[in-house]
Amino acid sequence: DVKVTQSSRYLVKRTGEKVFLECVQDMDHENMFWYRQDPGLGLRLIYFSYDVKMKEKGDIPEGYSVSREKKERFSLILESASTNQTSMYLCASSFGPRWLAGGTPSTDTQYFGPGTRLTVL
Amino acid sequence: SQQGEEDPQALSIQEGENATMNCSYKTSINNLQWYRQNSGRGLVHLILIRSNEREKHSGRLRVTLDTSKKSSSLLITASRAADTASYFCAPKTSYDKVIFGPGTSLSVIP
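If you read the protein sequences in the order shown, they are chains P and E. Take the first sequence: its letter number 110 is residue 110 in my numbering, and every next letter is one higher. To get my numbering, take the position in the second sequence, counting from 1, and add 1000.
What follows is the structure, given as structure tokens:
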């Protein structure tokens, strides 16, 4: 089974602190993602990475940065935590797109970690 | 935005009844996926339907896709209390980037 783990289930930090959220997957997936989930807003993509040392901004990258030094690990960094970053953070991974016979692209499903509930006081 | 919009936002049914959730999206897609999230947990993939498919089954799940209407539905038959969760549709166009909607919260009452 695919396993995606996140470093903490619950985290409490103070405003202005630097926060690291770690995500590790064990399936040699090319793609990794960070989302935040807030009531009524669904999941919003913060950053994603499709290869080591590669990153792409998602829909809400402001106030966040990421690091992907190794294929299995994708870190989300809050440089200076603020109260509006209190949220549930979800990491996910997936294989990169593969091509089926006939030239049809097949994009694989995303596998999610259990989430980290971050509270910034 | 390719955000999937689920409808209804909340649904409450008795155990044994069928539950139907709908999803609408805005532009052309390669595929559409449905995910489930139990309270306070990560999302779990349920089923994927490709743009050239109209219906797909997996156990008690039935998914339909109407690309002309840009809509999909998820039917859970003979619901169980364990089906209580939030359900998200995820339409996908480009390179592995999906946009999740706010979800449908399903409560199955024993």
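Quick reminder that beta carbons are idealized off the backbone N, C-alpha and C, glycines included. Note that the coordinates shown come from a computational prediction; the quantities given were computed from them, not determined experimentally.
C-beta contact flag for residue i and residue j at 8 Å
i          : j          : result
E/Thr-1104 : E/Pro-1008 : yes
E/Leu-1061 : E/Leu-1074 : yes
E/Ser-1024 : E/Lys-1056 : no
P/Ser-8    : P/Thr-86   : no
P/Leu-169  : P/Val-12   : Lying before the first or after the last residue shown, residue 169 of chain P is absent from chain P, which here runs from 1 to 121.
P/Asp-26   : P/Glu-69   : no
P/Ala-92   : P/Phe-33   : yes
Check: residue i C-beta below 7 Å from any heavy atom of the ligand PLP
i          : result
E/Asp-1083 : Ligands are entirely absent from the displayed structure, and the ligand PLP is therefore not among its contents.
Buried or exposed (CB count within 10 angstroms, at least 16 for buried), residue i
i          : result
E/Phe-1088 : buried
P/Leu-6    : The sequence given here places Gln at residue 6 of chain P; Leu does not occur at that position. Buried.
E/Asn-1038 : exposed
P/Ser-82   : exposed
E/Gln-1014 : exposed
P/Asp-51   : exposed
E/Pro-1110 : exposed
P/Arg-14   : exposed
E/Gly-1101 : buried
P/Lys-18   : exposed
E/Gly-1004 : buried
E/Val-1098 : buried
P/Tyr-47   : buried
E/Met-1021 : buried
E/Asn-1052 : exposed
E/Arg-1054 : exposed
CB-CB length for residue i against residue j, believed under 8 Å
i          : j          : result
P/Tyr-64   : P/Leu-78   : 6 Å
E/Glu-1017 : E/Ser-1079 : 6 Å
P/Cys-23   : P/Phe-74   : 5 Å
E/Ile-1029 : E/Thr-1093 : 6 Å
Is the stretch 1032-1047 of chain E touching the stretch 108-117 of chain P in the sense that three or more CB pairs, one from each, lie closer than 8 Å?
yes
Any beta strand (DSSP E) of 3 or more consecutive residues that is wholly inside the stretch 9-62 of chain P:
10-13, 19-25, 31-38 and 42-49
Contiguous beta strand (DSSP E) assignments of at least 3 residues, all confined to the stretch 1002-1031 of chain E
1005-1007, 1010-1014 and 1019-1024
Can you list, in chain order, the stretches of the beta strand (DSSP E) that have 3 or more residues and sit fully within the stretch 1052-1092 of chain E?
1055-1058, 1061-1066, 1071-1076 and 1085-1092
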